[in-house]
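Chemist: Before we start, here is the structure in question, set down as structure tokens.
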Amino acid sequence: MIATISNTKKNRLPEILEHASGDKRFKILEAHMKKHQFKHDALIEVLHKAQELFGYLEDDLLLFVAYKLKLPPSRVYGVATFYHFFTLKPQGAHTCVVCMGTACYVKGADKVLAAIEQAAKIKAGGTTPDNQLSLMTARCIGACGIAPAVVYDGTVTPRQTPELAVQHVKGWIDHGN
Ligand code: FES
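Its first residue numbered 371, the sequence shown is counted upward by one per residue in the numbering used here.
Below is the structure:
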């Protein structure tokens, strides 16, 4: 099955680009594309980098990549859905991405992740049975100066401790867990 991105989402490009301008992860991704001279055949490599930075590939990210590489969104979406090593946006109503890159790891990201896993009773990569929270990890989200960083519903949040992280996701996991 070849999935396509709806026109409604395509029309969101200006909004996505504006959001991207304030998110360092998009800048890092763009620099990576530039390194590959925005070549079409770097698509898989670029998607790998995007997943490393964001933890998963959501529609906005795929549209951003398509726009920058001047590829049809359907092609980018097709590649992202074809290969098993790519994870599309998880099904949880809320997402929590714990950065496990070196800078975050040495500042205790593993403990932050373990605390969320324990509180939500799921492992990284999983979603709570009520589909309220999906927990993911990423490799360096480009915020090493504020390590350990966690991204809650797309918002990069600095200097997380296990307590702060559990506090943050508490409202999402209190039901049925
Ligand atoms: S290692 Fe976590 S932001 Fe760089």
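Positions of the beta carbon are idealized from the N, C-alpha and C atoms, including for glycine.
With a cut-off of 8 angstroms on the beta carbons, I'd call V449 and I492 a contact; round off their distance for me.
Modeler: Within the sequence shown, numbered from 1, the residue matching residue 449 stands at position 79. Within the sequence shown, numbered from 1, the residue matching residue 492 stands at position 122. 28 angstroms between Cβ atoms; not a contact.
Chemist: Just list the residues that DSSP pairs V416 with in beta bridges.
Modeler: Position 46 of the sequence shown, counted from the start, is the residue given in the question as residue 416. Answer is none; V416 lacks a bridge partner.
Chemist: Alpha carbon to alpha carbon, how far is L503 from P518? Give it in angstroms, no decimals.
Modeler: Translated into positions along the sequence shown, residue 518 becomes position 148. Translated into positions along the sequence shown, residue 503 becomes position 133. About 20 angstroms.
Chemist: Per DSSP, what kind of secondary structure is T531 in: helix, strand or coil?
Modeler: The residue you call residue 531 lines up with position 161 of the sequence shown. Three-state DSSP puts T531 in coil, outside helix and strand.
Chemist: Compute the Euclidean distance between the alpha carbons of N501 and H464, then round it to the nearest angstrom.
Modeler: Stepping through the sequence shown from its first residue, residue 501 is reached at position 131. Stepping through the sequence shown from its first residue, residue 464 is reached at position 94. If you take the alpha carbons of N501 and H464, they lie about 8 angstroms apart.
Chemist: Tell me whether I511 counts as near ligand 1, meaning its Cβ is closer than 6 angstroms to at least one heavy atom of that ligand.
Modeler: Taking the first residue of the sequence shown as position 1, residue 511 is located at position 141. I511: yes, Cβ under 6 angstroms from ligand 1.
Chemist: Where does M403 fall in DSSP's three states?
Modeler: By one-based count along the sequence shown, residue 403 stands at place 33. Note: M403 maps to helix in three-state DSSP.
Chemist: Identify, in the order they occur along the chain, each residue of the same chain with its Cβ nearer than 6 angstroms to the Cβ of Q530, setting aside the five sequence neighbours on each side.
Modeler: For the purposes of this step, residue 530 is taken as the residue at position 160 of the sequence shown. Correct list, in chain order: V482, P518 and V520.
Chemist: Please classify H464: does DSSP put it in a helix, a strand, or coil?
Modeler: Walking along the sequence shown from the start, residue 464 turns up at place 94. Note: H464 maps to strand in three-state DSSP.
Chemist: Classify T457 as helix, strand or coil using the three-state DSSP reduction.
Modeler: On the sequence shown, residue 457 is found 87 positions in, with the first residue counted as 1. Residue state, collapsed to three classes: coil.
Chemist: Report yes if the CB atom of K459 is closer than 7 angstroms to the CB atom of E428, and no otherwise.
Modeler: Counting from one through the sequence shown, the residue named residue 459 turns up at place 89. Counting from one through the sequence shown, the residue named residue 428 turns up at place 58. Against a cut-off of 7 angstroms, the Cβ pair of E428 and K459 comes out as a contact.
Chemist: Rounded C-beta distance between A479 and C469? I'm assuming under 8 angstroms.
Modeler: For the purposes of this step, residue 479 is taken as the residue at position 109 of the sequence shown. For the purposes of this step, residue 469 is taken as the residue at position 99 of the sequence shown. Contact flag correct, Cβ pair sits at about 6 angstroms.
Chemist: Just checking my contact of L383 with Y453 at CB under 8 angstroms: how many whole Å lie between their CB atoms?
Modeler: By 1-based counting over the sequence shown, the position of residue 383 is 13. By 1-based counting over the sequence shown, the position of residue 453 is 83. The pair is not a contact, with the Cβ atoms about 24 angstroms apart (cut-off 8 angstroms).
Chemist: Let me check one thing: in DSSP terms, what residues is T507 bridge-paired to?
Modeler: The residue given as residue 507 occupies position 137 in the sequence shown. Paired residues: V468.
Chemist: Considering only the alpha carbon of each residue, which of E385, T498 and D411 lies closest to L433?
Modeler: Position 63 of the sequence shown, counted from the start, is the residue given in the question as residue 433. Nearest of E385, T498 and D411 to L433, Cα basis: E385.
Chemist: Taking all protein chains shown into account, decide if V476 is buried (16 or more other Cβ within 10 angstroms of its Cβ) or exposed.
Modeler: The sequence position of residue 476 within the sequence shown is 106, counting from 1. V476 is exposed by the Cβ-count criterion.
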